[in-house]
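Residue 11 is where the sequence shown starts when you use our numbering, and the numbers rise one by one after that. Ideal Cβ placement from N, Cα and C applies to all residues, glycine included. Note sheet for the following structure.
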Amino acid sequence: MLAEAKLKALQELVNQSSRDEVLWMSGYLSGLISGQGAAATASGTAVAQAPKPAAGKVTIAYGTETGNSKRVATELAGKAKKSGINAKVVSLDQYRLTDLEKEEYFLTVISTQGEGDPPAGAQKFFDYVHQTDKQLPKLKYSVLALGDTSYPLFCKAGEDVDAQLKRLGGSQLVPIQKCDVDYEDEANAWFQSVMQSLVSNGSASSAPAVAPAPAKKAGKRIYQGTLLTNIILNDVGSNKKTHHIEIEAKDLAYEPGDALGVVPKNRPAAIEAILKITGIAPTEKVTHRNSESTVQELLQDKVNITYLPERVVKKYAEVVEQNIPATRIDLLDLLRIYPVKDAEQFKEVLQILEPITPRLYSISSSLEAHSGEIHVTVARDEFRINEELLCGHCSDYLSGLPEGSTVEFYIHKNSQFKLPAPDKDVIMIGPGTGVAPFRSFLAERDAVGAEGRNWLFFGDQHFATDFLYQTEIQSWYETGILSKFNGAFSRDQQEKVYVQHKMLENAAAFYEWLKAGAYVYVCGAKEPMSVDVENTLLQIIGLGAGSSPEEAAVYLEQLKEEGRYLKDVY
Numbered sequence: 011m012l013a014e015a016k017l018k019a020l021q022e023l024v025n026q027s028s029r030d031e032v033l034w035m036s037g038y039l040s041g042l043i044s045g046q047g048a049a050a051t052a053s054g055t056a057v058a059q060a061p062k063p064a065a066g067k068v069t070i071a072y073g074t075e076t077g078n079s080k081r082v083a084t085e086l087a088g089k090a091k092k093s094g095i096n097a098k099v100v101s102l103d104q105y106r107l108t109d110l111e112k113e114e115y116f117l118t119v120i121s122t123q124g125e126g127d128p129p130a131g132a133q134k135f136f137d138y139v140h141q142t143d144k145q146l147p148k149l150k151y152s153v154l155a156l157g158d159t160s161y162p163l164f165c166k167a168g169e170d171v172d173a174q175l176k177r178l179g180g181s182q183l184v185p186i187q188k189c190d191v192d193y194e195d196e197a198n199a200w201f202q203s204v205m206q207s208l209v210s211n212g213s214a215s216s217a218p219a220v221a222p223a224p225a226k227k228a229g230k231r232i233y234q235g236t237l238l239t240n241i242i243l244n245d246v247g248s249n250k251k252t253h254h255i256e257i258e259a260k261d262l263a264y265e266p267g268d269a270l271g272v273v274p275k276n277r278p279a280a281i282e283a284i285l286k287i288t289g290i291a292p293t294e295k296v297t298h299r300n301s302e303s304t305v306q307e308l309l310q311d312k313v314n315i316t317y318l319p320e321r322v323v324k325k326y327a328e329v330v331e332q333n334i335p336a337t338r339i340d341l342l343d344l345l346r347i348y349p350v351k352d353a354e355q356f357k358e359v360l361q362i363l364e365p366i367t368p369r370l371y372s373i374s375s376s377l378e379a380h381s382g383e384i385h386v387t388v389a390r391d392e393f394r395i396n397e398e399l400l401c402g403h404c405s406d407y408l409s410g411l412p413e414g415s416t417v418e419f420y421i422h423k424n425s426q427f428k429l430p431a432p433d434k435d436v437i438m439i440g441p442g443t444g445v446a447p448f449r450s451f452l453a454e455r456d457a458v459g460a461e462g463r464n465w466l467f468f469g470d471q472h473f474a475t476d477f478l479y480q481t482e483i484q485s486w487y488e489t490g491i492l493s494k495f496n497g498a499f500s501r502d503q504q505e506k507v508y509v510q511h512k513m514l515e516n517a518a519a520f521y522e523w524l525k526a527g528a529y530v531y532v533c534g535a536k537e538p539m540s541v542d543v544e545n546t547l548l549q550i551i552g553l554g555a556g557s558s559p560e561e562a563a564v565y566l567e568q569l570k571e572e573g574r575y576l577k578d579v580y
């Protein structure tokens, strides 16, 4: 027990120290207690020494889609360097695969997309660790997996990388850490465990200390909103139906560039047909993934019944004991073609169904301009299969909601796709619903009086029917918020004109803005739009700088490294 004066001094020291400094002191004191931290001075007096890292250097590789993994990896590298470890940060899309067998200490931070997929930039690394048989006997590794518990295959990409590195002979520094959308505390605890495992206490066989797990958060905040407005932005005669939806909710907290996440409800007609064909009572209570609900509630709000993935169809075939081809199909069609025996067998089917996957929509409002509200721009996705007109699950759900409806949603943060300082210039390229975040950007810059210039490239099929947010855009242009605007309406002339054509027409001015430090943002379809835009950007750089394609590519990479070329594509 410490004397009161010493205890007070210790408390003051701890209160004034950062988390990293407290971690260092913890290792320091552990070394003293074990006798490993003492070194004899010339006078014979023992002097305590701070524990030294066992690792001289560590590689921190990240795979990211929205920028969260990159931010975490960069922050962790900074902490490692303060502890005396040389940490190299590298994106998995730039990581040399042949370096893996040379690594001794390797950390990876990787997010999961869609149905358990890695980020596009991590696909090459992901495929390599699955396909290679080269053993990695000296590799010591750990995986930090970022994900969203709303998705059926939570952190699956991280789990797969962890399993493959283990298969190839690597040994875990600490077990994989899977994080939900609020990942900061869990990521810090994981890294604290990693750092403790890298600190040498003089015994190579010592088991690494494991940091205490942080108190589990309640999870992402679910907002209960009221739908204020649901209007179609396209005019009569358009081939499209694009809905502008406004929702009111209390205590909203989001920034331009973030997205709204929503779990759509299943169609009542499909649920009614499923209940009829299976004979199960809608009020019967069932347990699904540790949560009890009625069959009606489960089918309406919780499980996916549309376009089931092949893995679920395979499980269905095992339940009904029939041979079913590998395919994607709605549950109702499965039940019609390969029916269950009775309601009891359908209960088994309910257990294999996966949770409804949330959909993300770029937020098209700004709290500075639209206090207490959140807006989204939703294209109703219509398509035909075997002459039957079908609609995208979530776009059909949202576009069909009447005013006054209650809507549950959450905010999906996107730390990468953010506005720069108010004095910086911004070039925004967003055809179709890709304009959504740029409406948010412009409303925000207008509301706060940002002095930087703004240039918008927008495109769609027809000027008369498909110029989304035309009145607002024209107003921003007339008041000077928009310094430049270029519209590309592809079907208004014989030759199709897209945003990349308008970029090339303005190549000289575009390059001047780049030289002046402008930030470039692209939002919309990943293919072919974002690919065509990037190729055009390379052309503009080459023309403006009089450089070769290789030199233009280096320039573009520099823009990415500086955070001046940002994409939110899907």
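Residues near residue i by beta carbon distance below 6 Å, same chain, minus five either side
i           : result
residue 430 : 529
residue 634 : This structure gives no information on residue 634, because the portion of the chain shown stretches from 11 to 580.
residue 217 : With a pLDDT of only 41 at residue 217, under 50, the local geometry of the prediction cannot be trusted, and no value is derived from it.
residue 422 : 269, 271, 370
residue 204 : 152, 183, 184
residue 107 : 138
residue 574 : 529
residue 157 : 122, 164, 165
residue 160 : 368
Beta-carbon proximity of residue i to residue j, cut-off 8 Å
i           : j           : result
residue 462 : residue 436 : yes
residue 414 : residue 237 : yes
residue 272 : residue 468 : no
residue 536 : residue 579 : yes
residue 487 : residue 495 : yes
residue 239 : residue 314 : no
residue 403 : residue 319 : no
residue 375 : residue 384 : yes
residue 276 : residue 310 : yes
residue 82  : residue 197 : yes
residue 289 : residue 353 : yes
residue 149 : residue 194 : no
residue 489 : residue 387 : no
DSSP-derived helix/strand/coil call for residue i
i           : result
residue 546 : helix
residue 285 : helix
residue 463 : coil
residue 370 : strand
residue 432 : coil
residue 365 : strand
residue 163 : coil
residue 337 : coil
residue 355 : helix
residue 263 : coil
residue 308 : helix
residue 376 : coil
residue 230 : coil
residue 505 : coil
residue 302 : strand
residue 389 : strand
Bridge-paired residues (DSSP) for residue i
i           : result
residue 152 : 117
residue 97  : 68
residue 576 : 531
residue 470 : 499
residue 270 : 371, 421
residue 140 : Beta-bridge pairing links residue 140 to no other residue.
residue 383 : 258
residue 127 : 123
residue 76  : Looking at the DSSP assignment, residue 76 forms no beta bridge with any residue, so it has no partner.
Residue i, enclosing beta strand (DSSP E) - first and last residue
i           : result
residue 539 : That residue, residue 539, is in no beta strand (DSSP E); it is neither H nor E in DSSP.
residue 498 : 494 to 499
residue 487 : Premise fails: residue 487 lies in the alpha helix (DSSP H), 480 to 488, not in any beta strand (DSSP E).
residue 238 : 233 to 242
residue 296 : 295 to 298
residue 187 : 187 to 189
Residues near residue i by beta carbon distance below 8 Å, same chain, minus five either side
i           : result
residue 432 : 455, 458, 459, 460, 461, 462
residue 571 : none
residue 312 : 298, 301, 303, 365, 366
Extent of the continuous alpha helix (DSSP H) to which residue i belongs
i           : result
residue 204 : 194 to 208
residue 409 : 403 to 409
residue 326 : 320 to 330
residue 452 : 446 to 458
residue 477 : Looking at the DSSP string, residue 477 is not in any alpha helix (DSSP H), and its letter there is neither H nor E.
Contact set for residue i: own chain, Cβ-Cβ below 7 Å, skip 5 residues either direction
i           : result
residue 166 : 122, 126
residue 111 : 144, 146
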